[in-house]
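Heads up: the structure comes next, in structure tokens.
Protein chains: 2
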Amino acid sequence: MKLSELGERKLVELIRKWWKGDGRLEVGVGDDAAVLRMGEERLVLTTDVLFQHSHFPPGTSPEQMGWKAAVVNLSDLAAMGAEPLALLFSLALPSETDLRVFRRIMEGMERAARKYGAALAGGDLSENEEIAIAGFAVGRGRRILRRGGAKVGDALAVTGKLGRAAAGLYILTHSLPVRSYRELVRALLEPEARIREGQILAAEGATSAIDLSDGLAANLWQLARESGVRMVLERIPTHPLVERFAREGRLDATEFSLFGGEDYELLFTIPPDRVEEVRKKLRRVGRELSVIGRVERGRGVAREVGGRLLPVPDRGYEHFRKQPQSSSGGLA
Amino acid sequence: MKLSELGERKLVELIRKWWKGDGRLEVGVGDDAAVLRMGEERLVLTTDVLFQHSHFPPGTSPEQMGWKAAVVNLSDLAAMGAEPLALLFSLALPSETDLRVFRRIMEGMERAARKYGAALAGGDLSENEEIAIAGFAVGRGRRILRRGGAKVGDALAVTGKLGRAAAGLYILTHSLPVRSYRELVRALLEPEARIREGQILAAEGATSAIDLSDGLAANLWQLARESGVRMVLERIPTHPLVERFAREGRLDATEFSLFGGEDYELLFTIPPDRVEEVRKKLRRVGRELSVIGRVERGRGVAREVGGRLLPVPDRGYEHFRKQPQSSSGGLA
């Protein structure tokens with residue numbers, strides 16, 4: 001059987017079975033990051049690789065490549081509520097790459113590391129036909145957020161507003177003029193990691209979290225599956241600029257905010273009586289909290305529309321991509 | 333200017349300049365691994381990537397790919413004297429890869445992790461035209477071995493005997509019959525990481541160490557450069573099977589043991605009065621110690637032959653490769 005017949009999720013399930021757990025691991029294969037117990041500390045470890053052909057749309061600058069390779073890894077730390085410690089990169093480049101391009105990739109990594117407080121600890125250089133950047137992030141934390149902790153009765157919430165990155169990708173792949181939608185393209189090419197937000201959620205009693213890399217629908221499915229509950233979506237906090245872009249282009253805004261990926265906001269669950277406190281603390285770091293639904297007994301993901309529950313399909317944002325995003329995803 | 337005009341070593345020097353140090357890093361870019369201070373502990377972090385076209389000679393089995401991707405990273409921990417904690421992998425594969433091949437790669441990783449006591453903490457899966465495996469190893473240690481600690485008057489030594497992997501590569505690239513030289517090919521495809529040996533060296537007062545990945549000559553140059561000393565090579569402990577292979581094929585055995593890479597033995601310096609104690613401790617884990625020379629005031633690497641000092645060129649084992657090995661190497 002070919003890997004393409006199985007898909008990434010099944011492969012991760014197989015690896016979970018093949019690779020026996022290890023007593024030192026509190027969290028192993030299958031979450032945003034792995035957690036290793038080390039004395040009183042918890043180390044949080046993650047890796048994500050970006051390939052030029054599938055992860056860097058035409059027009060991505062070298063700085064943006066370096067920045068994004070750092071941020072997708074830091075975002076996994078954010079989803080666990082961890083504090084970043086260090087970043088390493090295995091960077092592969094064509095040998096005819098210009099030194100200035102190389103330098104700008106390094107600068108993008110450096111800016112992201114500085115912004116989010118990670119030490120650039122080094123890496124590995126090699127030749128390859130296309131640019132490929134494998135990033136590794138190490139963090140630490142006391143209370144760790146997992147995908148599997150959502151409880152029946154919890155509120156379902158997200159940081160920020162959704163859909164900008166997917167709309168930005170739509171603009172680039174359809175060669176639309178960028179003009180007044182520069183912010184959408186920038187959201188795609190220069191994502192942010194919600195590090196402080198993740199630490200607030202961990203400290204303030206969130207029960208589960210995941211970063212929105214595959215899209216709200218797909219990431220809701222992952223939380224529901226890992227927690228053994230049903231997620232009921234009551235509203236979708238689409239970004240106002242995405243609303244406007246969709247209206248002008250006669251497009252469906254929820255295609256971007258529900259099925260589009262790479263927003264890198266945090267999706268989380270939390271007891272309802274903690275919501276206002278968390279909202280206040282998030283506001284202090286300039287981030288909005290939107291309650292988008294609730295956690296119920298059951299399985300899967302449903303959307304409440306006019307008092308009725310409709311099923312939400314488990315599909316990621318490959319819809320907007322030539323290269324299916326589902327081909328890349330986390331084992332840890 | 334193109335990267336190919338600069339070469340990897342110059343690039344690493346540039347990165348060291350561009351990426352400012354970080355107070356938390358005891359060792360940053362430019363050693364076998366980075367060292368991060370974390371309370372009383374020292375975390376040791378490293379990454380190395382292997383690409384099918386340049387790192388897996390034809391005939392490499394999927395288990396061997398997984399094994400080697402783990403071992404090259406663990407070997408960097410060994411060179412620092414660290415205890416392995418965890419391994420992560422960013423694994424890229426063609427989508428038409430057979431599931432059995434995938435499983436066997438995972439098994440190779442699992443065997444290496446088990447043998448050297450690292451927890452398999454997860455990773456990332458993606459599609460690529462050829463197999464590429466970026467590994468990431470985390471270890472810890474109290475006393476850390478660096479490249480830059482060699483002192484004038486130290487003895488220069490290695491663990492084990494040299495040249496098998498390079499002779500194995502010669503056999504494969506020249507399509508020679510393997511027969512009685514199976515061990516040479518196996519040394520190339522299934523290298524070992526000298527973990528316990530590295531821990532003994534760190535505990536017993538070695539002053540510097542590096543793993544022999546690029547070849548004895550190139551790695552001696554790196555130690556000399558980082559320590560600001562001259563390395564004088566008095567003898568080369570070529571493996572007896574390599575001697576025999578070279579004799580039969582009318583080849584120069586030192587081409588394999590001095591300029592061939594991937595032996596993954598440890599090259600280290602140590603005060604002469606510590607040698608016998610270390611030799612005894614290494615013997616207990618089944619490893620030989622060979623004193624191969626001495627550390628002098630000066631620069632570079634010289635070979636003492638018949639009482640005269642001859643210069644040793646700074647070249648790695650690209651000599652035996654179509655794809656120069658110098659295209660891949662450590663930032664950390």
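Taken in sequence, the protein lines are chains A and B.
In terms of the working numbering, the first sequence has 304 at position 304, counting the first letter as 1, and numbering is strictly consecutive.
To convert, count from 1 in the second sequence and add 332; that's the working numbering.
Glycine included, C-beta positions come from ideal geometry on N, C-alpha and C.
Being a predicted model, the structure only gives us computed values, none of them experimental.
In terms of residue numbering, what span does the alpha helix (DSSP H) encompassing M109 (chain A) cover? On the first sequence, residue 109 (chain A) is found 109 positions in, with the first residue counted as 1. That run of the alpha helix (DSSP H) goes L99 to Y116.
Backbone CA spacing between L641 (chain B) and F136 (chain A) [nearest angstrom]: Your numbering for residue 641 (chain B) matches position 309 in the second sequence. Your numbering for residue 136 (chain A) matches position 136 in the first sequence. Taking the straight line joining both Cα atoms gives about 44 Å.
Given a cut-off of 8 Å on the beta-carbon distance, is the pair A525 (chain B) and L406 (chain B) in contact? Translated into positions along the second sequence, residue 525 (chain B) becomes position 193. Translated into positions along the second sequence, residue 406 (chain B) becomes position 74. Cβ distance < 8 Å, so A525 (chain B) and L406 (chain B) count as in contact.
Should M109 (chain A) be labelled buried (16 or more other beta-carbon atoms within 10 Å of its own) or exposed? Within the first sequence, residue 109 (chain A) is the residue found at index 109, counting from 1. Its Cβ being crowded by 16 or more others within 10 Å, M109 (chain A) is buried.
Measure from the C-beta of A69 (chain A) to each C-beta in chain B and report whether the shortest distance is under 8 Å. Mapped onto the first sequence, residue 69 (chain A) falls at position 69. No, because no Cβ of chain B sits closer than 8 Å to the Cβ of A69 (chain A).
What do you reckon, are the CB atoms on A466 (chain B) and T379 (chain B) nearer than 8 Å? Within the second sequence, numbered from 1, the residue matching residue 466 (chain B) stands at position 134. Within the second sequence, numbered from 1, the residue matching residue 379 (chain B) stands at position 47. Their beta carbons are under 8 Å apart, which means A466 (chain B) touches T379 (chain B) by this criterion.
What residues in the stretch 179 to 192 of chain A have a beta carbon less than 7 Å from any beta carbon of chain B? none
Can you give the Cα-Cα distance for S660 (chain B) and N551 (chain B), rounded to whole angstroms? In the second sequence, counting from the first residue as 1, residue 660 (chain B) sits at position 328. In the second sequence, counting from the first residue as 1, residue 551 (chain B) sits at position 219. With a pLDDT of 40 at S660 (chain B), under the threshold of 50, the modelled position of that residue is not reliable, and the figure given next carries that caveat. For S660 (chain B) and N551 (chain B), the distance between alpha carbons rounds to 14 Å.
Would you verify that the beta carbon of R356 (chain B) is, or is not, closer than 8 Å to some beta carbon of chain A? Residue 356 (chain B) sits at position 24 when you count from the first residue of the second sequence. Yes, its Cβ sits closer than 8 Å to a Cβ of chain A.
Please report the Cβ distance between L145 (chain A) and G81 (chain A), rounded to the nearest whole angstrom; I am assuming they are in contact, meaning their Cβ atoms lie under 8 Å. Your numbering for residue 145 (chain A) matches position 145 in the first sequence. Your numbering for residue 81 (chain A) matches position 81 in the first sequence. Yes, they are in contact, since the Cβ atoms of L145 (chain A) and G81 (chain A) sit about 4 Å apart, within 8 Å.
Apply the 10 Å Cβ neighbour rule to M333 (chain B) and answer buried if 16 or more other Cβ atoms are within range, or exposed otherwise. Position 1 of the second sequence, counting from 1, holds the residue named residue 333 (chain B). Exposed, by the Cβ-count rule.
Suppose the cutoff is 7 Å on Cβ atoms and the five residues either side in sequence are ignored; what does the same chain contact list for A585 (chain B) look like? Here residue 585 (chain B) refers to the residue found at position 253 of the second sequence. Excluding positions up to five away in sequence, the list reads G495, T570, V574, E575 and A578.
Going by Cα to Cα distance, which pick from A:Q64, A:G28 and A:R114 is closest to L419 (chain B)? Residue 419 (chain B) sits at position 87 when you count from the first residue of the second sequence. Among A:Q64, A:G28 and A:R114, the Cα nearest to that of L419 (chain B) belongs to A:G28.
Can you tell which of A:E255, A:F89, A:I236 and A:G123 has the C-alpha that lies nearest to the C-alpha of R315 (chain A)? Translated into positions along the first sequence, residue 315 (chain A) becomes position 315. Among A:E255, A:F89, A:I236 and A:G123, the Cα nearest to that of R315 (chain A) belongs to A:E255.
Would a check of beta-carbon distances place G398 (chain B) closer than 8 Å to chain A? Taking the second sequence and counting its residues from 1, the one referred to as residue 398 (chain B) is at position 66. Chain A, which has no Cβ nearer than 8 Å to the Cβ of G398 (chain B), makes this no.
State buried or exposed for R140 (chain A), treating a residue as buried only when at least 16 other CB atoms are found within 10 Å of its CB. On the first sequence, position 140 is the one that residue 140 (chain A) refers to. It is buried - the Cβ of R140 (chain A) has at least 16 other Cβ atoms within 10 Å.
Would you mind listing the alpha helix (DSSP H) stretches within the stretch 538 to 626 of chain B that are 4+ residues and don't spill past its ends, in chain order? 548 to 559, 572 to 580, 585 to 589 and 607 to 616
L431 (chain B) touches chain A at which residues, Cβ-Cβ below 9 Å? By one-based count along the second sequence, residue 431 (chain B) stands at place 99. Chain A residues near L431 (chain B): M1, K2, L3, E5, L6, L11 and L14.
Mind listing the chain B neighbours of L120 (chain A)? Cutoff is C-beta to C-beta under 8 Å, in chain order. Residue 120 (chain A) sits at position 120 when you count from the first residue of the first sequence. The contacting residues are W351, D354, G360 and V361.
Mind listing the chain B neighbours of E110 (chain A)? Cutoff is C-beta to C-beta under 9 Å, in chain order. Mapped onto the first sequence, residue 110 (chain A) falls at position 110. Those within 9 Å of E110 (chain A) in chain B are W350, W351 and K352.
Under a CB-based cut-off of 8 Å, is M106 (chain A) close to chain B? Taking the first residue of the first sequence as position 1, residue 106 (chain A) is located at position 106. So yes, M106 (chain A) belongs to the interface.
Smallest Cα separation from L346 (chain B): which of A:V305, A:L36, A:R250 and A:L99? Along the second sequence, one-based indexing puts residue 346 (chain B) at 14. The option with the nearest alpha carbon to L346 (chain B) is A:L99.
Start and end of the alpha helix (DSSP H) containing T505 (chain B)? In the second sequence, residue 505 (chain B) corresponds to position 173, counting from 1. It spans R496 to T505 - the alpha helix (DSSP H) in which T505 (chain B) sits, taken as one unbroken run.
Since I believe V376 (chain B) is in contact with L409 (chain B) (beta carbons under 8 Å), could you give me their beta-carbon distance rounded to a whole number of angstroms? The residue given as residue 409 (chain B) occupies position 77 in the second sequence. The residue given as residue 376 (chain B) occupies position 44 in the second sequence. Rounded, the Cβ-Cβ distance is 6 Å, consistent with contact.
I'd like to know whether the C-beta atoms of W351 (chain B) and M106 (chain A) end up nearer to each other than 8 Å. Position 19 of the second sequence, counted from the first residue, corresponds to residue 351 (chain B). Position 106 of the first sequence, counted from the first residue, corresponds to residue 106 (chain A). Contact: yes.
C-alpha gap between G560 (chain B) and A497 (chain B), whole angstroms: Numbered from 1 along the second sequence, position 228 holds the residue referred to as residue 560 (chain B). Numbered from 1 along the second sequence, position 165 holds the residue referred to as residue 497 (chain B). Whole-angstrom Cα-Cα distance: 29 Å.
With 8 Å set as the bound, which would you pick, yes or no: does the beta-carbon of L93 (chain A) sit closer than that to a beta-carbon of chain B? Here residue 93 (chain A) is taken as the residue at index 93 of the first sequence, counted from 1. Chain B contact via Cβ: present.
On a Cα-Cα basis, can you pick out the residue from B:R562, B:L533, B:V484 and B:M370 that is closest to A119 (chain A)? By 1-based counting over the first sequence, the position of residue 119 (chain A) is 119. Cα-wise, what sits closest to A119 (chain A) is B:M370.
P509 (chain B) to I503 (chain B) span [Cα, whole Å]: To locate residue 509 (chain B), count along the second sequence from 1; it is residue 177. To locate residue 503 (chain B), count along the second sequence from 1; it is residue 171. Straight-line Cα distance between these residues: approximately 7 Å.
Bridge-paired residues (DSSP) for E636 (chain B): Counting from one through the second sequence, the residue named residue 636 (chain B) turns up at place 304. According to DSSP, E636 (chain B) bridges with B:L641.
Taking 6 Å as the limit between beta carbons, can you name the residues of its chain near Q531 (chain B), skipping five residues before and five after? By one-based count along the second sequence, residue 531 (chain B) stands at place 199. Cβ within range, chain order: G413.
Look at the alpha carbon of L457 (chain B) and the alpha carbon of R279 (chain A), and state the distance between them as a whole number of angstroms. On the second sequence, residue 457 (chain B) is found 125 positions in, with the first residue counted as 1. On the first sequence, residue 279 (chain A) is found 279 positions in, with the first residue counted as 1. So the two alpha carbons sit approximately 35 Å from each other.
Let me check understanding here. Comparing Cα to Cα, which of B:R629, B:I527 and B:L544 lies closest to G618 (chain B)? In the second sequence, the residue the question calls residue 618 (chain B) occupies position 286. Looking at the Cα atoms, B:I527 is the closest of the given residues.
What does N460 (chain B) touch in chain A if you count any residue whose Cβ is under 7 Å from its own? As a working note, residue 460 (chain B) is residue 128 in the second sequence. The contacting residues are F51.
Buried or exposed, going by whether 16 or more other CB atoms sit within 10 Å of the CB of Y317 (chain A)? The residue labelled residue 317 (chain A) in the question sits at position 317 within the first sequence. No answer about Y317 (chain A) holds up, because its pLDDT of 47 lies below 50 and its placement is not dependable.
When the Cα of R436 (chain B) is compared with those of B:G449, B:A401 and B:Y448, which residue comes out closest? The residue you call residue 436 (chain B) lines up with position 104 of the second sequence. Answer by Cα proximity: B:A401.
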